[in-house]
Amino acid sequence: RTVKATSGRQIFQPLHTLRNAEKELLPGFHQFEWQPALKNVSTTWDVGIIDGLSGWTASVDDVPADTISRRFRYDVALVSALKDLEEDIMDGLRERGLDDSMCTSGFTVVVKESCDGMGDVSEKHGSGPAVPEKAVRFSFTVMSISIRLEGEDDGITIFQEQKPNSELSCRPLCLMFVDESDHETLTAILGPVVAERKAMMESRLIISVGGLLRSFRFFFRGTGYDEKMVREMEGLEASGSTYICTLCDSTRAEASHNMVLHSITRSHEENLERYEIWRTNPYSESAEELRDRVKGVSAKPFMETQPTLDALHCDIGNATEFYKIFQDEIGEVYLKTNPSREERRRWRSTLDKQLRKKMKLKPVMRMNGNFARRLMTREAVEAVCELVPSEERREALRKLMGLYLQMKPVWRSTCPARDCPDQLCQYSYNSQQFADLLSTMLKYRYDGKITNYLHKTLAHVPEIVERDGSIGAWASEGNESGNKLFRRFRKMNARQSKTFELEDVLKHHWLYTSKYLQ
1 RTVKATSGRQ IFQPLHTLRN AEKELLPGFH QFEWQPALKN VSTTWDVGII
51 DGLSGWTASV DDVPADTISR RFRYDVALVS ALKDLEEDIM DGLRERGLDD
101 SMCTSGFTVV VKESCDGMGD VSEKHGSGPA VPEKAVRFSF TVMSISIRLE
151 GEDDGITIFQ EQKPNSELSC RPLCLMFVDE SDHETLTAIL GPVVAERKAM
201 MESRLIISVG GLLRSFRFFF RGTGYDEKMV REMEGLEASG STYICTLCDS
251 TRAEASHNMV LHSITRSHEE NLERYEIWRT NPYSESAEEL RDRVKGVSAK
301 PFMETQPTLD ALHCDIGNAT EFYKIFQDEI GEVYLKTNPS REERRRWRST
351 LDKQLRKKMK LKPVMRMNGN FARRLMTREA VEAVCELVPS EERREALRKL
401 MGLYLQMKPV WRSTCPARDC PDQLCQYSYN SQQFADLLST MLKYRYDGKI
451 TNYLHKTLAH VPEIVERDGS IGAWASEGNE SGNKLFRRFR KMNARQSKTF
501 ELEDVLKHHW LYTSKYLQ
């Protein structure tokens with residue numbers, strides 16, 4: 001409501017009128033210190049928005065470099081986020097019956113990190129051809145805060161983010177006008193962020209919360225990345241690679257024959273070791289042998305990500321695949337060899353028409369979360385079945401979707417053990433059934449190939465849930481919703497100036513995520 005008043009007037013005040021009350025919600029207001037002091041990070045605490053390319057400006061030549069990125073210093077932003085949660089922390093201690101004057105150390109903060117590229121954020125004004133500009137946003141969410149009392153083994157959770165996938169809890173750290181495929185610029189800007197994060201993991205933060213100095217340690221989990229970004233950050237080949245998975249070493253062919261039995265083996269450390277092998281080729285192997293030895297690691301991993309699966313993109317990836325299966329079934333591909341492009345186009349428009357008529361679903365250029373959610377339903381399958389001639393194939397489609405809908409809550413839910421315990425128990429059985437259907441009824445599609453997200457959905461979900469307790473809570477959805485805010489703030493709440501627009505967007509967006517203001 002702060003951004004779009006019901007009256008249609010803008011309420012959010014432009015930045016020069018931000019009063020002192022709001023200044024204290026922005027990073028750079030509260031004093032703090034690190035013990036031991038952070039390596040390679042300045043000890044000043046009153047640092048607000050800084051140029052994302054600080055120090056690099058001379059080496060980036062194709063744009064006036066001081067305009068392409070703005071960010072907060074990571075530790076300063078975390079302090080601001082914790083101070084914003086000050087009341088929640090104190091309430092949490094009280095609710096747990098803890099005496100807050102005794103609890104001055106042993107706090108642990110778990111942070112979810114997300115990073116995502118946005119296409120097309122082009123300038124809307126000015127004449128001439130529209131230049132496609134791209135942006136990348138890096139954000140973090142404080143997921144939980146717990147405290148371990150002396151002599152106790154287990155931590156007591158005093159704050160848990162109730163809406164980990166809301167744009168209201170996802171705090172912007174760094175905004176840049178960069179194409180996510182431009183590895184050099186991306187790493188130049190995120191490099192300092194990575195360095196600050198690494199320094200913070202080896203140190204404790206001392207800040208005043210509720211009137212007493214308390215010490216906090218941080219754990220960072222980079223889970224809000226789609227597969228493209230994970231591969232970029234971890235030095236793996238692109239998504240079309242024969243090494244299909246960012247969690248295990250399976251090849252596409254192996255994954256299509258053994259769909260369910262794989263375990264998570266990849267890690268940031270291993271990727272770094274493999275890159276060294278790739279770089280030095282210690283056994284003097286041929287290119288093919290070497291590539292097989294390092295399982296598709298061919299660039300230097302640059303940022304640690306958690307080997308997990310992004311629930312939102314999993315949904316989108318699988319819906320894209322079902323959309324294609326539906327077309328194939330309408331055209332009875334299992335009876336034919338090599339249908340022509342014309343035929344395929346006809347099946348697609350038949351499917352689109354039917355979905356529009358029965359489900360009121362407009363065809364989309366690129367599959368998105370909303371379309372995916374509506375396509376993966378029983379109603380959608382029934383609509384498609386009306387166009388499928390053979391009863392036996394209709395049954396198989398219904399069964400396929402039925403199994404999928406049994407599996408989906410497990411990786412969508414914020415806490416599957418609480419929300420859908422039965423589906424969680426049955427997951428491995430269901431995924432085996434699903435895999436059997438794919439390899440019999442849809443042999444024409446999955447003979448020696450399978451999509452990246454189907455493989456992850458079938459093979460890795462139970463192991464991740466067992467390790468992390470949830471997949472849905474750690475998704476990139478909050479950051480993706482934040483993209484919409486970025487567009488809106490850029491249009492409505494930012495000065496029309498290359499130098500200032502990003503800092504205005506960053507400030508507004510930060511205030512928008514303040515729990516205190518909410």
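One point on numbering: in my numbering, the residue at position 136 of the sequence shown is 136, and numbering is uninterrupted. Built from N, CA and C at the ideal position, the CB exists for glycine as well. Because the structure is a prediction, the values reported are computed rather than measured.
Taking C-alpha positions only, Met-229 is separated from Met-102 by approximately 43 Å.
Less than 9 Å separates the beta-carbon of Thr-513 from that of Ser-169. Around the beta-carbon of Gly-119, fewer than 16 other beta-carbon atoms lie within 10 Å, marking it exposed. Taken atom to atom, the span from the alpha-carbon of Asn-430 to that of Leu-403 is near 6 Å.
DSSP places Asp-91 inside the alpha helix (DSSP H), whose first and last residues are 86-95. The DSSP-derived three-state label of Cys-314 is helix. Sequence-distant Cβ neighbours of Gln-423 in its own chain, meaning closer than 6 Å and more than five residues away, are Gln-406, Pro-409, Val-410.
A straight-line Cα-Cα distance of about 20 Å links Ser-284 and Lys-300. DSSP, reduced to helix, strand and coil, places Pro-172 within a strand of the structure shown. In the DSSP assignment, Tyr-334 is bridged to no other residue. Taking one beta carbon from each stretch, the region 207-220 and the region 103-114 have 3 or more pairs nearer than 8 Å; the two touch. Inter-residue distance for Lys-449 and Leu-502 is about 43 Å (C-alpha atoms, whole angstroms). According to the DSSP assignment, Glu-269 belongs to no beta strand (DSSP E) but to the alpha helix (DSSP H) extending over 268-280. Of the residues Met-233, Thr-141, Leu-26, Leu-149, the one whose Cα lies closest to the Cα of Asp-99 is Leu-149.
Boundaries of the beta strand (DSSP E) around Arg-204: 204-209. When C-alpha distances from Lys-443 are compared across Glu-273, Asp-328, Trp-45, Ile-89, the shortest belongs to Asp-328.
Taken through DSSP and simplified to helix, strand or coil, Ile-158 comes out as strand. A residue is called buried when at least 16 other Cβ atoms come within 10 angstroms of its Cβ; Gly-317 meets this threshold and is buried. Within the same chain, Cβ atoms closer than 7 Å to the Cβ of Arg-293 are found at Ile-277, Glu-285, the five residues on either side in sequence being excluded. Using a Cβ-Cβ distance cut-off of 8 Å, the region 167-187 and the region 66-73 are in contact, since at least three pairs of beta carbons, one from each stretch, lie closer than that value. In the structure shown, Gln-496 adopts coil according to DSSP, grouped into three states. Residue pairing by DSSP puts Cys-115 in a beta bridge opposite Phe-138.
Contact check for Asn-479 and Gly-222: beta-carbon distance about 11 Å, past the 8 Å limit, so the pair fails to qualify. For Arg-293, the uninterrupted alpha helix (DSSP H) segment begins and ends at 287-294. Secondary structure at Ile-49: strand, using DSSP grouped into helix, strand and coil.
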